[in-house]
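Trainee:
Number of protein chains: 2
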Amino acid sequence: MKVLVLGGDGFCGWPTSLHLSDLGHDVTIVDNLSRREIDLELEVESLTPIRPMGERLRAWKELSGNDIGFVNLDLAEEYDRFEALLKEYEPDAVVHFGEQRAAPYSMRSTAAKRYTVDNNVRGTHNVLAAIVASGRDIALVHLGTMGVYGYGWSGSAPIPEGYLTVKVPTPDGDLNREILHPANPGSVYHMTKTLDQLLFAFYVKNDQLRVTDLHQGIVWGTQTPQTALDERLINRFDYDGDYGTVLNRFLMQAAIGHPLTVHGTGGQTRAFIHIRDTVRCIQIALENPPAVGDQVKVFNQVTETYRVRELAEMISSMTGVEVAYLPNPRQEAAENELNVSRDNFLELGLNPTKLSEGLLEESRDIAVKYRDRADTTKIIARSTWRKGMEVSPDLVKE
Amino acid sequence: MKVLVLGGDGFCGWPTSLHLSDLGHDVTIVDNLSRREIDLELEVESLTPIRPMGERLRAWKELSGNDIGFVNLDLAEEYDRFEALLKEYEPDAVVHFGEQRAAPYSMRSTAAKRYTVDNNVRGTHNVLAAIVASGRDIALVHLGTMGVYGYGWSGSAPIPEGYLTVKVPTPDGDLNREILHPANPGSVYHMTKTLDQLLFAFYVKNDQLRVTDLHQGIVWGTQTPQTALDERLINRFDYDGDYGTVLNRFLMQAAIGHPLTVHGTGGQTRAFIHIRDTVRCIQIALENPPAVGDQVKVFNQVTETYRVRELAEMISSMTGVEVAYLPNPRQEAAENELNVSRDNFLELGLNPTKLSEGLLEESRDIAVKYRDRADTTKIIARSTWRKGMEVSPDLVKE
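Chains as they are written, first to last, in the working numbering: chain A, 1 to 398; chain B, 1001 to 1398.
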């Protein structure tokens, strides 16, 4: 299969590109390196020493014998080049990771809010418009987020995979109607993924595009079998307050002896998935696309749910590092339950990686190996959801 | 009240600006004249001879004694100037008409689809972000569209004003949940207004902005008491296949003896409102804003519903002009029912203008007066919802 991976330089995109190439697919990465540019802006770096794209691809060729193509292209700003690429490369499928993906970053300033909306919505719409303009039957797999649903809306019912059947009262009695699960995003970033959903629904209805939207939980872990082959292939590991994801942050904090930073009560229940499962889910979604005429296919891409404080306590007991309870910069419920349907991937053969399977240690080892690269002034989350909300000072001195 | 009218040069924005100024409000228009530029692109003009903004404002000052300000500014592209304007002008309210508003135009080409999404979503998001950044309590009134709802979704229940209470099945029995009415837009243009709804919901939740969204039907008529005062104040009258609205198109077609162009069976039921009621609805919405902490206030801004072929038959019997049934360039149901709640405006004192009240004749007189300005090659709708759909040739020779 010929596959374009949009955002193939990022934390999920890079290991996905290698995984698909390893399976024998013809992969081309499209990326404008925006994630590396944001690192420059935030004055922070991946804890792991990621290599430039050229070096990554040369190493992969050397190790696997496979070529992966690379096109440096801005999806939001360079529509004509993207349409031409679809016509020239003739992909069977496009995997779309090409969006600004951090909630705290999306709330940190007016400029970051605007960048997140402009980049994500324009980029996704350009992808859809270009697929239509290409006249080709190209399946689209998009990385969504569990955050489109909000938390705790459905009472004791699990969050369904995209759609919900509700009863609508009418003078002639209740009508059963299947609806897209109501959107309740918790940040500007999450909001953009709720906008994406409406773009997909329209283009599927009007142009019969084939689209799969994967509502992913919080990714943990660093390496996949392919990225672990050689240090030149190593994946990103973000630990900073804007881009670091909670479990990886705890592992890194433990590695340098920094208190584990829980914001608020830690009663937030979140859904998790290991990066090894992310890449397998993308593969499964590519192998099981919707048919022409089908509605958008939605999968919840999660394997386990935990409360944030449970995770902190688990890492604390593994490592002896204390837990610090800090002000919460987000506007969210202090505590929530979370019960998520995830039958689709299980039925299609995903065998989920659990926290209990030793990979926590592997990730901690990565964090230990590269701990000297950490900048402790970047650990505290300082992007607040509204101006004037309390933030914590640094907890350790340089 | 100090009011910024975004898109104040357009078909709804201009008469609204005059109406608010006439009521004694301090009005400043913000517009980048994009509607006039699209006329240049489409090689068509308003049937009525609208004047440049400078002349419009000088005439209004001469007749009313009132100043209306004007800032030529692109909401999507000139964020910093807009934020500075909010801080400098210190409006109490912003009325937001500043979006590309034609469904056929939004479907006519890839470029038009992209312009509509980029312009509308970025513009609306910039307005919200700038209100937050200004730190001021500014009420926002936005012109939405009935098209966010789709047609016929709720069976025999009327389309509610924005929100719907549904029953969600759970293991513990049905939960009652109020949701935003599910979105079912019929064009890229309508889709942008469904995206706007999610932007509003998020900013109201996160930043407690005060937002009113007015889901307007199809506007007919041309003049309001203010625009009729002097020919220099005359409002736009669009008759072309992209921007002309159905009833005004029929009136203009009758005035030049062109067959009345019904697309498909004419069984589409649509909601209508006279431009005189549009301006009064905006006034009522401004006078009745939501409180800080309220959810987005949604009104359906419609007064009557008709099937398209009923309107064609009405105009045909008034004028003797025949009805032509042409291929439908839209992807939509051939026939639909439409039952709309509109209690909010009625309760707040709107006394709706009906088709039966003689204003049809007034609009027809406008069309007759200016019929020599018509270009008959612009009448047939040629923007199709998908490539290759059938369109009609011109029905009359030049």
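Cβ atoms here follow ideal geometry from the backbone N, Cα and C, with glycine treated the same way.
(1) What is the DSSP secondary structure of Thr269/A, counted as helix, strand or coil?
(2) If the cut is a Cβ gap below 9 Å, which residues of chain A does Lys1087/B touch?
(3) Which residues, in chain order, does the segment 1354–1378 of chain B contribute to contact with chain A at a C-beta distance below 9 Å?
(4) Using the C-alpha atoms, what's the distance from Leu229/A back to Leu75/A?
(5) Which full runs of the beta strand (DSSP E) of 3+ residues lie inside the segment 170–251 of chain A, going along the chain?
(6) DSSP three-state label for Val1148/B, please.
(7) Indicate the three-state DSSP secondary structure (helix, strand or coil) for Glu1304/B in the structure shown.
(8) Can you name the residues of chain B whose CB is closer than 7 Å to the CB of His263/A?
(9) Classify Ile1131/B as helix, strand or coil using the three-state DSSP reduction.
(10) Could you list which residues in chain B have their beta carbon closer than 7 Å to that of Gly155/A, in chain order?
(11) DSSP has Leu1006/B in a bridge; who is on the other side?
(12) I need the straight-line Cα distance from Val44/A to Lys1113/B, nearest angstrom please.
(13) Do Glu161/A and Asn344/A have their beta-carbon atoms positioned less than 8 Å apart in this structure?
(14) Going by DSSP, name the residue or residues bridged to Phe299/A.
(15) Leaving out five residues before and five after Tyr1325/B in sequence, what residues of the same chain have Cβ atoms less than 6 Å from its Cβ?
(16) Taking only beta-carbon atoms, is Pro1269/B less than 8 Å away from chain A?
(17) Between the segment 191–207 of chain A and the segment 235–253 of chain A, can you find at least three pairs of beta-carbon atoms closer than 8 Å?
(18) Quick test of your reading: Phe200/A and Val211/A, contact by CB under 8 Å. State the CB separation rounded to the nearest angstrom.
(19) Taking the alpha carbon of Gly1267/B as the reference point, which residue from Leu1233/B, Glu1310/B, Gln1283/B and Gly1293/B has its own alpha carbon closest?
(20) Count the other C-beta atoms from every protein chain shown that fall within 10 angstroms of the C-beta of Leu57/A, then say buried if there are 16 or more, exposed otherwise.
(21) I want to see whether chain A comes within less than 8 Å of Ile1218/B, judged by CB atoms only; does it?
(22) Does Met389/A have its Cβ less than 8 Å from a Cβ in chain B?
(23) If the cut-off is 7 Å on Cβ atoms, which residues from the segment 104–128 of chain A count as contacting chain B, listed in chain order?
(24) I need the boundaries of the alpha helix (DSSP H) containing Leu164/A, first residue and last residue.
(25) From Val1308/B to Glu1362/B, what distance separates their C-alpha atoms?
(26) By the criterion of Cβ-Cβ separation under 9 Å, what are the contact partners of Tyr151/A in chain B?
(27) Can you tell me which residues form a DSSP beta bridge with Ile1068/B?
(28) For Ala324/A, name the three-state secondary structure that DSSP assigns.
(29) For Gly293/A, which of Asn339/A, Met318/A and Phe202/A has the nearest alpha-carbon?
(30) Where does Val1368/B sit, in a helix, a strand or coil, going by DSSP?
(31) Using a C-beta to C-beta distance shorter than 8 Å, which residues of chain B count as neighbours of Asp207/A?
(32) Consult DSSP for His1258/B and reduce its assignment to one of helix, strand or coil.
(33) Can you list the residues of chain A that Tyr1079/B reaches, using a CB-CB cut of under 7 Å?
(34) Using C-beta distances below 6 Å, list every residue in its chain close to Ala1183/B, excluding the 5 sequence neighbours before and after it, in chain order.
(35) Please list, in chain order, the chain B residues whose beta carbon lies closer than 7 Å to that of Gln301/A.
(36) Can you give the beta carbon distance from Val302/A to Gly221/A, rounded, assuming they're within the 8 Å contact cut?
Mentor: Reading it off the structure:
(1) strand
(2) Simply none; closest approach about 13 Å.
(3) none
(4) 30 Å
(5) 175–180, 211–216 and 218–220
(6) helix
(7) strand
(8) Under the 7 Å cutoff, chain B gives no residues; its nearest Cβ is about 16 Å from His263/A.
(9) helix
(10) Thr1170, Asp1172 and Leu1175
(11) Val1030/B and His1096/B
(12) 38 Å
(13) yes
(14) Leu214/A
(15) Val1262
(16) The sequence as given places Thr at residue 1269/B; Pro does not occur at that position. No, because no Cβ of chain A sits closer than 8 Å to the Cβ of Thr1269/B.
(17) no
(18) 5 Å
(19) Glu1310/B
(20) buried
(21) no
(22) no
(23) Thr110, Lys113, Arg114, Val117, Asp118, Val121, Arg122, His125 and Asn126
(24) Taken as a continuous stretch (DSSP letters only), Leu164/A belongs to no alpha helix (DSSP H), being part of the beta strand (DSSP E) at Tyr163 to Val168.
(25) 20 Å
(26) Simply none; closest approach about 13 Å.
(27) Val1027/B
(28) strand
(29) Phe202/A
(30) helix
(31) Arg1386
(32) coil
(33) Arg114
(34) Val1148 and Thr1194
(35) Residues of chain B passing the Cβ test: none, with the nearest at roughly 22 Å.
(36) That pair is no contact at about 14 Å.
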